[in-house]
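Trainee: Residue numbers (this note's numbering), protein chains in the order written: chain A, 1 to 366; chain B, 1 to 366.
All C-beta atoms in this analysis are idealised placements derived from N, C-alpha and C, irrespective of residue type, glycine included.
As the structure is a prediction and not an experimental result, all values here were calculated from the model.
And the structure:
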């Protein structure tokens with residue numbers, strides 16, 4: 001099966017096998033050494049000297065950690081949204097009794113730093129800004145992240161970034177862009193099975209945590225920091241996934257970050273070219289297309305609700321459908337993590353065959 | 001290495017290999033079928049018709065879920081403690097702004113139903129009782145759980161049970177004992193790597209959740225229930241651990257619950273007999289010794305802080321030390337999950353050799 005969704009992504013055989021190693025004590029020296037290695041490796045991938053904490057949770061758990069550790073009940077929070085995962089931040093902020101001020105941009109477009117500046121001027125009490133770097137739901141990258149970070153810090157606010165589906169595949173310069181809190185997840189570019197999430201925390205964010213009255217326990221990052229200093233996690237970690245991640249990070253560092261970024265750029269371009277050659281349109285505006293996932297509009301006359309089913313059942317390829325308001329209107333083609341040219345070629349063939357099977361007359365053969 | 005800690009426990013090769021299977025879409029039919037199987041299997045192991053939800057988290061995440069879904073801020077909660085993990089419930093309740101009323105029993109003893117009754121009479125506002133079934137920190141089983149449940153329901157309170165290190169190894173009759181919320185974790189008797197936790201929820205507990213104002217999101221069990229009805233989890237689950245669990249439950253049901261319980265009883269007895277034959281004392285009072293983990297007092301004249309290190313480095317066996325106030329005073333010998341006679345025999349030999357190496361004159365050779 002060609003798994004062409006934007007996560008979970010294919011796990012290389014070496015990584016999968018590493019996860020099958022003999023179980024160990026999570027409070028012993030072997031685990032401590034491994035936790036030290038993956039933390040140092042993750043810091044390289046995050047391009048940061050900040051703490052990077054590894055949680056046993058989905059990416060959504062890391063999003064919750066970002067909110068509960070830095071946002072106070074009742075506090076106004078600016079949430080910049082460009083799709084479904086930005087909305088998830090809105091939902092979490094609201095669930096925890098804080099007040100989201102949503103600055104929404106159209107699906108397929110990027111956030112405009114000038115409008116972020118306006119929103120922060122209009123709401124001078126805001127101390128925290130939440131933003132998605134790469135919208136998995138729309139295949140769009142928020143390309144002005146460094147400029148937004150500059151604006152946010154000019155207003156003395158914390159910059160919290162969901163980089164779950166970008167970091168490790170697309171450059172995210174945590175320190176150079178002065179990002180206070182950055183999130184990622186094992187099942188994306190990290191080539192590891194789902195179940196681990198990462199959070200990087202700047203000194204500014206640690207200071208905020210000290211006085212933040214929001215209740216928290218499992219996702220209390222101070223506990224994770226204290227435990228990490230002893231080579232441990234506060235709660236029993238997903239040891240077999242840490243085995244996998246240890247191997248995956250070794251592979252990533254051997255390939256090199258620049259080579260990984262270049263591979264993702266090349267395969268994303270190949271995907272987009274192939275999609276356009278079929279006469280299809282992308283959801284993302286030009287120049288904002290994500291290098292990890294491509295969202296494709298279902299062409300007129302094709303039953304979008306059948307697309308993923310037909311591709312899976314007839315053409316052995318798993319695409320993702322649209323989420324929320326995009327259900328049935330797009331499909332999404334993942335090209336992140338352990339992915340190479342043959343996967344993209346096979347994916348494009350499956351797109352074409354699926355559309356033809358659903359009655360689409362392919363317009364412009366490449 | 002003989003992994004003789006009370007979790008993570010050894011993962012059988014078939015289970016470990018199942019976890020290395022090709023990654024799949026967590027929102028597709030193959031995952032839905034698997035989630036259906038593990039849920040039905042877990043219900044058998046829980047001996048319940050209640051919902052059983054599988055979370056991507058440590059056991060502590062399940063403990064947090066039990067608290068945030070059923071306890072309101074400011075509410076008084078009775079927490080029955082017999083060791084360190086009971087204390088964790090106290091900490092979670094306090095972290096979430098509720099008021100723990102602790103009914104503490106000495107380490108090594110079980111909770112007395114009459115004293116639970118007294119505590120509930122003295123605090124008539126209490127609607128929720130938290131209790132540990134099997135104290136991993138002291139090797140003690142709270143054997144009067146059915147009687148406590150009867151008392152709790154007479155006072156119209158919810159009965160929430162941490163059965164993380166008992167259920168699947170020691171009988172826990174969720175329905176017959178009328179337990180409202182019961183917790184377990186994959187890395188214990190389930191023979192699966194850590195990272196998945198289970199929560200069963202009675203109708204009474206679901207009703208409580210509907211009106212409970214406590215903020216929650218990642219661990220919101222209503223979201224897990226709604227997703228399960230669609231064959232999904234609300235957030236990306238630890239798919240490779242679900243692969244493992246699917247295989248492990250198949251093995252458990254093939255062995256049969258009664259046979260599993262009997263094996264644990266037999267191996268626990270063998271462990272205790274062997275420990276006593278070395279002239280050592282158990283922490284648990286007679287008749288309350290856990291069938292999943294044995295806590296052994298470090299004999300006089302032996303440096304308890306060195307025990308686990310020497311056992312690991314010189315005798316290839318990993319025991320757990322004491323936690324909290326028990327640090328350096330006990331060691332713990334795990335005998336749950338995928339464990340058989342040779343593991344126990346080898347563990348006992350390692351205990352003896354370690355003690356001798358630390359200067360103990362073994363008194364009564366069996």
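Contact check, residue 139 of chain A vs residue 289 of chain A under 8 Å by CB: the rounded distance?
Mentor: Working through the first chain from its first residue, we reach residue 139 of chain A at position 139. Working through the first chain from its first residue, we reach residue 289 of chain A at position 289. Their Cβ separation, rounded to whole angstroms, is 6 Å, which keeps residue 139 of chain A and residue 289 of chain A in contact under 8 Å.
Trainee: Using C-beta distances below 6 Å, list every residue in its chain close to residue 107 of chain A, excluding the 5 sequence neighbours before and after it, in chain order.
Mentor: As a position in the first chain, residue 107 of chain A is number 107, starting the count at 1. Closer than 6 Å at Cβ, skipping near neighbours: 83 and 138.
Trainee: Do you know how far the Cα of residue 114 of chain A is from the Cα of residue 177 of chain A?
Mentor: As a first step, residue 177 of chain A is located in the first chain; it is residue number 177 there, counting from the start. As a first step, residue 114 of chain A is located in the first chain; it is residue number 114 there, counting from the start. In a straight line, the C-alpha of residue 177 of chain A is about 17 Å away from that of residue 114 of chain A.
Trainee: Against chain B, which members of the stretch 166 to 194 of chain A pass a CB distance test of less than 7 Å?
Mentor: Taking 7 Å as the Cβ-Cβ cut-off against chain B, the residues of the stretch 166 to 194 of chain A that qualify are 187, 193 and 194.
Trainee: Determine the direct distance from the alpha carbon of residue 250 of chain B to that of residue 283 of chain A, and round the result to whole angstroms.
Mentor: Residue 283 of chain A sits at position 283 when you count from the first residue of the first chain. Residue 250 of chain B sits at position 250 when you count from the first residue of the second chain. Going from the Cα of residue 283 of chain A to the Cα of residue 250 of chain B covers about 44 Å.
Trainee: Taking 6 Å as the limit between beta carbons, can you name the residues of its chain near residue 151 of chain A, skipping five residues before and five after?
Mentor: Position 151 of the first chain, counted from the first residue, corresponds to residue 151 of chain A. 113, 116 and 117.
Trainee: Put residue 268 of chain A into one of helix, strand or coil per three-state DSSP.
Mentor: Here residue 268 of chain A corresponds to residue number 268 of the first chain, with the count starting at 1. If DSSP states are grouped into helix, strand and coil, residue 268 of chain A belongs with the helices.
Trainee: Roughly how many whole angstroms lie between the Cα atoms of residue 6 of chain A and residue 40 of chain A?
Mentor: If you number the first chain from 1, residue 6 of chain A lands on position 6. If you number the first chain from 1, residue 40 of chain A lands on position 40. If I take the Cα positions, the gap works out to 26 Å.
Trainee: What span of residues does the alpha helix (DSSP H) with residue 159 of chain B cover, start to end?
Mentor: For the purposes of this step, residue 159 of chain B is taken as residue 159 along the second chain, with counting starting at 1. First-last for residue 159 of chain B: 158 to 162, but that is the beta strand (DSSP E), not the alpha helix (DSSP H).
Trainee: Check the Cβ of residue 5 of chain B against every Cβ in chain A and list those closer than 7 Å, keeping chain order.
Mentor: In the second chain, the residue the question calls residue 5 of chain B occupies position 5. Residues of chain A passing the Cβ test: 25.
Trainee: On the DSSP bridge list, what partners appear for residue 100 of chain A?
Mentor: Taking the first residue of the first chain as 1, we reach residue 100 of chain A at position 100. BP columns for residue 100 of chain A point to A/77.
Trainee: Can you look up residue 328 of chain A in the DSSP assignment and give me helix, strand or coil?
Mentor: Here residue 328 of chain A refers to the residue found at position 328 of the first chain. Three-state DSSP puts residue 328 of chain A in coil, outside helix and strand.
Trainee: When we look at the beta-carbon of residue 305 of chain B and count the other beta-carbons within 10 Å, is it buried (16 or more) or exposed?
Mentor: Position 305 of the second chain, counted from the start, is the residue given in the question as residue 305 of chain B. Its Cβ having fewer than 16 others within 10 Å, residue 305 of chain B is exposed.
Trainee: Does the Cβ of residue 352 of chain B have 16 or more other Cβ atoms within 10 Å, making it buried, or fewer, making it exposed?
Mentor: Residue mapping note: residue 352 of chain B aligns to position 352 of the second chain, counting from 1. When all chains shown are included, residue 352 of chain B counts as buried.
Trainee: The alpha helix (DSSP H) that contains residue 60 of chain B, what's its start and end?
Mentor: What you label residue 60 of chain B is simply residue 60 of the second chain in a count that begins at 1. It spans 59 to 70 - the alpha helix (DSSP H) in which residue 60 of chain B sits, taken as one unbroken run.
Trainee: Check the Cβ-Cβ distances between residue 11 of chain B and every residue of chain A, and say whether any is below 9 Å.
Mentor: In the second chain, the residue the question calls residue 11 of chain B occupies position 11. It does: the Cβ of residue 11 of chain B has a partner Cβ on chain A nearer than 9 Å.
Trainee: Can we say the stretch 22 to 40 of chain A touches the stretch 173 to 192 of chain A, given the rule of at least three CB pairs closer than 8 Å?
Mentor: Not touching, per the Cβ criterion.
Trainee: So does the stretch 255 to 263 of chain B actually touch the stretch 15 to 32 of chain B, counting three or more Cβ pairs closer than 8 Å?
Mentor: Counting Cβ pairs under 8 Å, fewer than three are found: no touch.
Trainee: Considering only the alpha carbon of each residue, which of B/232, B/179, B/325 and B/215 lies closest to residue 203 of chain B?
Mentor: Taking the first residue of the second chain as position 1, residue 203 of chain B is located at position 203. Taking only the C-alpha atoms, the option nearest residue 203 of chain B is B/179.
Trainee: Where do the N-terminal and C-terminal ends of the alpha helix (DSSP H) with residue 353 of chain A fall, by residue?
Mentor: Residue mapping note: residue 353 of chain A aligns to position 353 of the first chain, counting from 1. Start and end: 341 to 357.
Trainee: Per DSSP, what are the beta-bridge partners of residue 135 of chain A in this structure?
Mentor: As a first step, residue 135 of chain A must be located in the first chain, where it is residue number 135. In DSSP, residue 135 of chain A forms a bridge with A/140.
Trainee: So with Cβ pairs under 9 Å, would you call residue 366 of chain A a contact of chain B?
Mentor: By one-based count along the first chain, residue 366 of chain A stands at place 366. Note that residue 366 of chain A has pLDDT 44, beneath the 50 cutoff, so the model's placement of it is unreliable and the number below is only indicative. Answer no: the Cβ-Cβ gap between residue 366 of chain A and chain B never drops below 9 Å.
Trainee: Could you say which of A/248, A/244 and A/275 lies nearest to residue 16 of chain B if we only look at CA atoms?
Mentor: Within the second chain, numbered from 1, the residue matching residue 16 of chain B stands at position 16. Minimum Cα distance to residue 16 of chain B is reached at A/244.
Trainee: From the beta carbon of residue 241 of chain A, is the nearest beta carbon of chain B less than 9 Å away?
Mentor: By one-based count along the first chain, residue 241 of chain A stands at place 241. Yes - at least one Cβ of chain B is within 9 Å of the one on residue 241 of chain A.
Trainee: Let me check understanding here. Comparing Cα to Cα, which of B/273, B/337, B/182 and B/361 lies closest to residue 69 of chain B?
Mentor: Stepping through the second chain from its first residue, residue 69 of chain B is reached at position 69. For residue 69 of chain B, the nearest C-alpha among the options comes from B/182.
Trainee: Which ranges does the beta strand (DSSP E) cover as unbroken runs of at least 3 residues, wholly within the stretch 269 to 324 of chain B, from first to last along the chain?
Mentor: Qualifying beta strand (DSSP E) stretches, in chain order: 293 to 297.
Trainee: Would you please state the rounded distance, in angstroms, between the beta carbons of residue 123 of chain B and residue 318 of chain B? I believe it to be under 8 Å.
Mentor: Residue mapping note: residue 123 of chain B aligns to position 123 of the second chain, counting from 1. Residue mapping note: residue 318 of chain B aligns to position 318 of the second chain, counting from 1. Not quite, the Cβ-Cβ distance comes to about 42 Å (not below 8 Å), so this is no contact.
Trainee: Return the CA-CA distance between residue 358 of chain B and residue 274 of chain B, expressed in angstroms with no decimal places.
Mentor: Residue mapping note: residue 358 of chain B aligns to position 358 of the second chain, counting from 1. Residue mapping note: residue 274 of chain B aligns to position 274 of the second chain, counting from 1. One C-alpha to the other measures close to 19 Å.
Trainee: For the alpha helix (DSSP H) containing residue 211 of chain A, list its first residue and its last residue.
Mentor: One-based indexing of the first chain puts residue 211 of chain A at position 211. That run of the alpha helix (DSSP H) goes 203 to 211.
Trainee: Which one or two residues does DSSP pair with residue 183 of chain B in a beta bridge?
Mentor: On the second chain, residue 183 of chain B is found 183 positions in, with the first residue counted as 1. DSSP lists B/162 and B/199 as partners of residue 183 of chain B.
Trainee: Relative to chain A, which residues along the stretch 53 to 75 of chain B have a C-beta separation below 7 Å, given in chain order?
Mentor: Listed by position along the chain: 56, 57, 58, 59, 60, 61 and 64.
Trainee: For residue 389 of chain A, does the three-state DSSP call read helix, strand or coil?
Mentor: Since the displayed chain A opens at 1 and closes at 366, residue 389 of chain A lies outside it and no answer follows.
Trainee: I'd like to know whether the C-beta of residue 312 of chain B is nearer than 9 Å to at least one C-beta of chain A.
Mentor: One-based indexing of the second chain puts residue 312 of chain B at position 312. By this cut-off, residue 312 of chain B is an interface position.
Trainee: Would you kindly report the start and end of the unbroken alpha helix (DSSP H) that includes residue 242 of chain A?
Mentor: Taking the first residue of the first chain as 1, we reach residue 242 of chain A at position 242. That run of the alpha helix (DSSP H) goes 239 to 255.
Trainee: For residue 366 of chain A, collect the residues of the same chain with a Cβ closer than 6 Å to its Cβ; drop the 5 residues on either side in sequence, then sort them by chain order.
Mentor: In the first chain, residue 366 of chain A corresponds to position 366, counting from 1. Any reading at residue 366 of chain A must be qualified, since the residue scores a pLDDT of 44, below 50, and its modelled position is unreliable; the value itself is stated next. Around residue 366 of chain A: 277.
Trainee: Is it buried or exposed for residue 211 of chain B, if we count other Cβ within 10 angstroms and need 16 for buried?
Mentor: What you label residue 211 of chain B is simply residue 211 of the second chain in a count that begins at 1. Exposed, by the Cβ-count rule.
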